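Below: one structure, written as structure tokens.
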Amino acid sequence: MPDRTSFFEHETWTAGVIGLGYVGLPLAVNAVQRGLRAVGFDVDEAAVARLRAGRSPVEDVSDAALQAAIAAGLEVTADESRLSEADALFICVPSPLNRHREPDMRFIEAAAVTVRSVVRPGMLVSLESTTYPGTTEELLVPAATASGLRLDEEVFVCFSSERVDPGRNRELGSIPKVV
0 MPDRTSFFEH ETWTAGVIGL GYVGLPLAVN AVQRGLRAVG FDVDEAAVAR LRAGRSPVED
60 VSDAALQAAI AAGLEVTADE SRLSEADALF ICVPSPLNRH REPDMRFIEA AAVTVRSVVR
120 PGMLVSLEST TYPGTTEELL VPAATASGLR LDEEVFVCFS SERVDPGRNR ELGSIPKVV
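The numbering of the sequence shown is numbering that gives the first Met the number 0, which starts it at 0 and goes up by one.
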């Protein structure tokens, strides 16, 4: 397997976060706190306006932490084309069950369409949303490779379960993560 360490040595590494809810917003804020640039995308323009105004809807992210992240370079947008600047995309969209208690894949499917439109060579695409086994291969690999990029050579796709610990006051960085 080729050496990929240079991927992490960029001085201006940019994280793109799709979905700015209880998983995506803390991830984007944490990225900026650790010195990365972050572009946070959400389809809800009213939510984007509230976030840009420094009002956090997420208990784990205070208004002050959000405002500090924005001042430090977190870009919050409803313009999906801004995600093309990212070195890595983190998909943090809802994955609820429908009325038949089956996975409602609409949000992940919409994120896959977004990936298809912004993916570029060298990009990592990570699905963080809770979903059934096979979703990454069924939805994200085809989206990431639709333009002809070669998987594991020109574009990289993985699943890495969301890093939240509901009901516990733990720093995001202290929660174990497997990619």
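Think of the CB as a built atom: it goes at the ideal place given N, C-alpha and C, for glycine as much as any other residue. Being a predicted model, the structure only gives us computed values, none of them experimental.
Following the DSSP letters along the chain, one finds A14 inside the beta strand (DSSP E) bounded by residues T13 to I17. When Cβ pairs closer than 8 Å are counted between the two stretches, the region 83-100 is seen to touch the region 121-141, the count reaching three or more. DSSP, reduced to helix, strand and coil, places T130 outside both helices and strands of the structure shown, so it counts as coil. Per DSSP, reduced to three states, the secondary structure at G39 is strand.
Taking 8 Å as the cut-off, the beta carbon of E74 is found no closer than this to the beta carbon of V22.
P102 carries a strand assignment under DSSP once its states are collapsed to helix, strand and coil. As a beta-bridge residue in DSSP terms, V154 pairs with L150. Within the model, the alpha-carbon separation for V42 versus A109 is close to 10 Å. Three or more Cβ pairs closer than 8 Å define a contact, and the region 100-115 falls short of that threshold against the region 26-38. Contact between L150 and V140 holds, with the beta-carbon distance rounding to 6 Å and staying under 8 Å.
By the beta-carbon neighbour count (other beta carbons within 10 angstroms, threshold 16), G18 is buried.
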